[in-house]
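Quick note: the sequence shown uses the numbering used here, first residue 75, plus one each step. All C-beta atoms, glycine included, are put in the ideal place defined by N, C-alpha and C. To start, the structure under review is shown below, and the notes come after it.
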Amino acid sequence: MNPRGRVPAHAALVATGLAIAATFLASSGVLRASMLVLASAIPLTIVLVLLARHRVRRAASWTLLCAALGVLTVNGLAWVVDVSGQDVDPAEPGLVVDVTLPIGYLLLFAAAIAILLPFARRDSGGLVEAAVLWLACASLLWTVLVHPALVATGAPVGVRLYTLLLVVLVSGIGGMVLRAALVHRAARPALVYVCTSVLLTLVGNVAIVLTTDPATGLYAPWVATLWILGYSCLAAAAVHPTHARVAEGAEPPSDRLGPARLATLGVALGLNPLLAGVQEAFRGDVDWLLLTVGTALIVPLVVARIAGLARRQARAERALAHLATHDELTGLENRRAGLEQLQRTLDRVADGRTAGVTVLFLDVDGLKDINDTYGHGAGDALITAVAERLVTTLGPGPRVARFGGDEFLVVDEGGPDTGDVVARLRACLDRPVPFGDLVLGTGASIGVHHVPAGVRSTTAEAVAQADQRMYEDKRRRTGERRAERTGDRAGVEA
């Protein structure tokens, strides 16, 4: 009950389905057939009204559902016509019934797939894996229950193929919808209704095979109540408040290509050949339909799943490698990667394979004061701006790394002409950095060390030389600023 004491619409629809199912079982002839018409016509009307009022999202999936319910309603009307004037259900339905039923199922499959599309964009691997597992379960269901019953009734190959396709397709879709319901908590109630409808359809089609009387060709009347309840669940999904969240999809849980997953996929991959072997060993008759259809469906899905997991693992490894070699704040290479790059360059310099290398060591001015005065957000903005300016000013050749908190290392492979580079760096770094309503003053002390071709040097020696020159530059710049302040005071006193 909702806060106002009224039964929710989705629960009312399920109760209506139960009432229609009870009436179906208690009646016969035209009245019984009319219950099948009501079972699909009521959900059809409700979904049409919701579409007309723009009360559903992703209208394409619900439009396909309307088309399916419309075709199934025509199927029910044709059944009413077939049973008119008869006291019992006909064993051989008319042409319209035979044609509209598979068309209705195909449209239902299309609607289910359309509902799953938002999930496929984020969790295609999970949906594929769920389909594979349920297809494997469908193979067991077919081998243990359905196929023996069809053989016992002497069903022709066409009927067996149609039933097999129905069982495996409904099973695969059911597994994918269940996966979506487990992952997407916000839309779970609506998806549970859809999943229940799919499972009722699966159980109903299996029950037809198991309960059909070979003499009359009629199946147990209670089987039809499963479809009635399935249609009601579809309508309940459309009116449930969480149906709007279905269109959003959901972020899947992390997964990886581990031994357990590989073993599960391997079992699913080998199940149909194994079942064929068991059939040959104990009955001398292999179910070639299952072996062909089941294998043709499962093998590509398993290969696709393993390939997807491998790609995801490769992306994760690349991301970890990037995190291990790059600074999180600036995106530049970190100290370790910068020193490794410098060592490789020094090796080429020592062997005479390059003209030399220039090592620049930069120390940004005033970072501690900015952090203490304005907070670390301002300091991060300053460091990020400096990193961007270094990359932009130096261009694609030199390698820039963040060496420490306020220190940067530049490795410029080539000749010793660095005067222009240092001048451009000073010009770009002396420009203030905007931060909100503030303007952060900046600058940097720069140390330069050049290693000519043929000279062997270690990274520690090269960095130490550049670091020493940086401190010399820092003392020089500090002296210049002190002289400027002294000059300014002298001018004021004069």
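Q: Please classify Ser-158: is it buried, with 16 or more other beta-carbons within 10 angstroms of its beta-carbon, or exposed?
A: In summary, Ser-158 is exposed, with fewer than 16 beta-carbon neighbours lying within 10 Å of its beta-carbon over all protein chains present.
(Q) Along the chain, where does the beta strand (DSSP E) containing Thr-593 start, and where does it finish? (A) A question about residue 593 goes unanswered here, because the residues of the chain that appear run from 75 up to 568.
Q. Opposite Arg-476 in the DSSP bridges: which residues?
A. Phe-482, per the DSSP bridge assignment.
Q: Could you round the C-beta distance between Thr-147 and Val-171 to whole angstroms and report it? I think they count as a contact, below 8 Å.
A: With 8 Å as the limit, Thr-147 and Val-171 do not qualify as a contact, their Cβ atoms being about 12 Å apart.
Q) Is there contact here, the region 256-273 with the region 315-326, by at least three beta-carbon pairs under 8 Å? A) The region 256-273 and the region 315-326 touch, with no fewer than 3 CB-CB distances between them shorter than 8 Å.
Q) Quick one: what's got a C-beta closer than 6 Å to Val-484's C-beta in the same chain, skipping five residues either side? A) Within the same chain, Val-484 has close Cβ partners Leu-434, Pro-472, Val-474.
**Q.** Proximity below 9 Å, CB of Ala-281 to CB of Ala-289
**A.** One thing to note: Ala-281 has its Cβ no nearer than 9 Å to the Cβ of Ala-289.
Q: Inspect the CB distances between the region 232-251 and the region 203-214 and report whether three or more fall short of 8 Å.
A: Contact check between the region 232-251 and the region 203-214: three or more CB pairs, one atom from each, fall below 8 Å, which counts as touching.
Q: Would you kindly work out how many angstroms separate the C-alpha atoms of Val-566 and Arg-550, rounded to a whole number?
A: Confidence at Val-566 is low in this model, with a pLDDT of 47, below 50, so the placement of that residue should be treated as unreliable; the coordinate-derived value is given next. If I take the Cα positions, the gap works out to 24 Å.
Q.
Looking at Gly-178: is its Cβ nearer than 9 Å to the Cβ of Ala-142?
A. Yes, these two residues count as a Cβ contact at 9 Å.
(Q) What does the Cβ neighbour count give for His-450, buried or exposed, with the cut at 16 atoms within 10 Å? (A) Label assigned to His-450: exposed.
Q: For Leu-92, I'd like the list of residues in its chain whose CB is within less than 6 Å of its CB, leaving aside the five on either flank, ordered along the chain.
A: Excluding residues within five positions, none has a Cβ falling inside 6 Å.
Q | Backbone CA spacing between Val-525 and Thr-467 [nearest angstrom] | A | About 22 Å.
Q. Going by DSSP, which residues form a beta bridge with Glu-487?
A. Partner(s): Val-431.
Q) Using 8 Å as the Cβ pair cut-off and three pairs as the minimum, do the region 533-549 and the region 502-517 touch? A) Between the region 533-549 and the region 502-517, the count of Cβ pairs shorter than 8 Å is below three; the stretches do not touch.
Q: State whether the region 302-309 contacts the region 230-247, with contact taken as three or more CB pairs (one from each stretch) at a distance under 8 Å.
A: These segments do not touch.
Q | Buried/exposed call for Asp-287, threshold 16 Cβ in 10 Å | A | Asp-287 should be labelled exposed.
Q | Inside the region 284-355 only - alpha helix (DSSP H) runs reaching at least 4 residues | A | Fully enclosed alpha helix (DSSP H) runs of 4 or longer: 296-313, 317-320.
Q. CA-CA distance, Val-574 and Leu-348?
A. The structure shown does not extend to residue 574, since the chain is modelled only from 75 through 568, so no value can be given for it.
Q) Three or more beta-carbon pairs under 8 Å between the region 263-278 and the region 225-237, yes or no? A) The region 263-278 vs the region 225-237: no contact.
Q.
Quick check on Asp-454: does DSSP put it in helix, strand or coil?
A. The DSSP-derived three-state label of Asp-454 is helix.
Q. Fully enclosed by the region 154-221, which alpha helix (DSSP H) runs are 4 residues long or longer?
A. Counting whole runs of 4 or more residues, the region 154-221 contains the alpha helix (DSSP H) stretches 169-215.
Q. Going along the chain, which residues of its own chain have a beta-carbon closer than 8 Å to the beta-carbon of Leu-122, five neighbours each way excluded?
A. So the qualifying residues of the chain are Cys-140.
Q. Helix, strand or coil for Ala-527 per DSSP?
A. Correct three-state label for Ala-527: coil.
(Q) Just to confirm, is the Cβ distance from Gln-387 to Arg-319 under 9 Å? (A) Not closer than 9 Å, so no.
Q.
Measuring only the C-alpha atoms, how far is Arg-129 from Trp-136?
A. Taking the straight line from one Cα to the other gives about 11 Å.
Q. Distance, Cα to Cα, Leu-456 vs Val-438?
A. Spanning the alpha carbons of Leu-456 and Val-438 requires a straight line of approximately 9 Å.
Q. Thinking just about the alpha-carbon of each residue, which of Ala-370, Glu-322, Asp-359, Pro-333 is nearest to the one in Leu-345?
A. Of Ala-370, Glu-322, Asp-359, Pro-333, the residue nearest in Cα terms is Ala-370.
(Q) Out of Lys-442, Leu-436, Gly-332, which one is the CA nearest neighbour of Phe-477? (A) Closest by alpha carbon: Leu-436.
**Q.** Enclosing beta strand (DSSP E) for Val-241 [first to last residue]
**A.** It is not in any beta strand (DSSP E) - Val-241 instead sits in the alpha helix (DSSP H) that spans 231-257.
Q: Quick one: measure Cβ to Cβ for Pro-506 and Val-513, integer angstroms, because I've assumed they're closer than 8 Å.
A: Yes, they are in contact, since the Cβ atoms of Pro-506 and Val-513 sit about 5 Å apart, within 8 Å.
Q. Tell me, which residues are paired with Val-438 by DSSP?
A. Residue pairing of Val-438 in beta bridges, as defined by DSSP: Ala-518.
Q: Name the one or two DSSP bridge partners that Glu-402 has.
A: BP columns for Glu-402 are empty, so no partner.
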